[in-house]
Amino acid sequence: MNSVIKPAKVLTVLILLISLVGGIIIFRKFQYENKRSGINLTTEQITYPNSRYSITEKQIYFNEPGAGYFLLKNADPATFQPLKDPAYQGTMAKDIRHVFFKEELVAGLNPATTTYLGNNFCKDGSKVFYADKLISNADAATFTRLGGYYAFDKNNLYYKQHSMAGADVKSLHHVKYSQEGIAHADAYIADNKHVYFKGMKIDGANPSKFTVLNGSGDQLGTQYAFDGKSYFNDQYKIVVADDRRNSGNLKLLTLDRDFSWHPIFYQGAKVYCYDAERHELVALGKRDNSLELRMLDNGIYTDIKNVYFTFGKWNKAGGRMPRYTGHTTGICAVEGATVTDFKRLGTFLTLERIEGTVYQCGKQRYFHPRYKGNGNYHQALMLLGTDGRTSELPIDNAFSKTIDDYDGPSIFSIEFYKRLWNPAYGEQEL
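Per the numbering used here, the sequence shown starts with residue 49, numbered consecutively.
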């Protein structure tokens, strides 16, 4: 006798399955996002210089920002000392009996014979560690830190605890920098054939000409570089999706984030901004010519025919508790302005007490702020009234794009579940 399954029962089962799967996903996500929880210290404490360690009431604690304080249960306060790292807040320490990473013991390291190389690299007579991870097969006698999170021995190049297969140890060298003091530039290293970023080989990069670029404004740690032909963001080559053969003709306009949230590139007449979260160029628009652009001032450019200014905006939504939803980047031609008539007059302090530079074209004066001000919208060029007050230039003819914030892969993608069950998926970060 054939049984008939009622639609209502099927719907109930589906709802239960969806609820179960959804609950598991939420639990796993919460579990990984909140996997460490320390305590708040209410007693007076003394922090060891240039480290995250503190002592209070003869007990040693490790401070992890955002998570709290964690007790080092086995530490001897009388002999405790952080392993000092002049460039970083140290996260390793030792006492007479133990070596510590954060609040945990590092099994296998003898504090009496341990040499601290910096940035969590340690070695003793026979073993090499990155933090609490043993670097298998590393040669302690020749193991040397290069800088940043890179080190090498006579056989291999290492990024943190990871051996980088195929790297030529004999030809290792630092890449070039467009200027000194670029933050996190030591994430790159090169040999005579390849360039590496955080331990990952960059396909197609020319190591002899690879140069890390400096960007003004808030770059949030992301890196840009140029090898004489192509541009790179971190380990990604920046290419025009529908014109990869001619991506070598791509030119950088600006990395400035004071007056354009995203980097701006152009190829002939086409103008793009770069979304570093999704690693793709986004079309802004097309100019009326293909002439080369050059900078007149920070955020102000000309192609001989027109004068342009850039702008950036943080977009927010909500009422009393607004949240930022994305960012807008744009470039706009100054209506009626030509480079021959666009003249710099000198520095100026507006009635709003903003320092900058005054330009004039015909009877109209413009103001270029030296730095972006407060608020969520910033133009590189503004109208300047006869009373010394500034106002926004119209951007009706601008090329612009709003890019939503990226919260990670879609719940419907395999990538989402790989990252959910393994937060370190696709990364070599500790």
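Beta carbons are placed, not taken as given, at the ideal position from N, Cα and C, and that holds for glycine.
Using a C-beta cut-off of 8 Å, the segment 112-130 makes contact with the segment 145-156, since at least three inter-stretch Cβ pairs fall below that distance. A distance below 9 Å separates the beta carbons of residue 387 and residue 344. Across the set 216, 333 and 233, the C-alpha of 233 shows the shortest separation from the C-alpha of residue 224. Of the other Cβ atoms in all chains shown, fewer than 16 fall within 10 Å of the Cβ of residue 145; this residue is therefore exposed. A distance of 9 Å or more separates the beta carbons of residue 246 and residue 284. Under the DSSP assignment, residue 250 falls in the beta strand (DSSP E) whose first and last residues are 248-250. Of all alpha-carbon atoms in 374, 371 and 341, the one lying nearest the alpha-carbon of residue 358 is that of 341.
Taking 8 Å as the upper bound for CB-CB distance, residue 286 and residue 332 are not in contact here, some 15 Å apart.
In the DSSP assignment, residue 447 falls within the unbroken beta strand (DSSP E) covering 447-452. Rounded to whole angstroms, residue 397 and residue 259 show a C-alpha spacing of 37 Å. In this chain, the beta strand (DSSP E) harbouring residue 177 covers 176-178. Residue 129 is not a Cβ neighbour of residue 109, given a cutoff of 9 Å. Restricting attention to beta strand (DSSP E) runs no shorter than 3 residues, the segment 281-324 encloses them at 284-286, 299-302, 312-315 and 318-323, ordered along the chain. The beta carbon of residue 275 sits closer than 6 Å to the beta carbons of 253, 254, 257 and 258 from its chain, once the five residues preceding and following it are set aside; these are given in chain order.
Counting every other CB atom within 10 Å of its CB across the protein chains shown gives residue 99 a total of 16 or more, marking it as buried. As a beta-bridge residue in DSSP terms, residue 371 pairs with 365. When the Cα atoms are used, residue 451 and residue 336 turn out to be separated by approximately 24 Å. Shown here, residue 67 sits in a helix according to DSSP, grouped into three states. Checking the DSSP bridge columns, you'll see residue 221 partnered with 238. Rounded to whole angstroms, the gap between the alpha carbons of residue 142 and residue 112 is 18 Å. When only Cα atoms are considered, residue 214 and residue 289 end up about 30 Å apart.
When DSSP states are grouped into helix, strand and coil, residue 397 belongs to the strand group.
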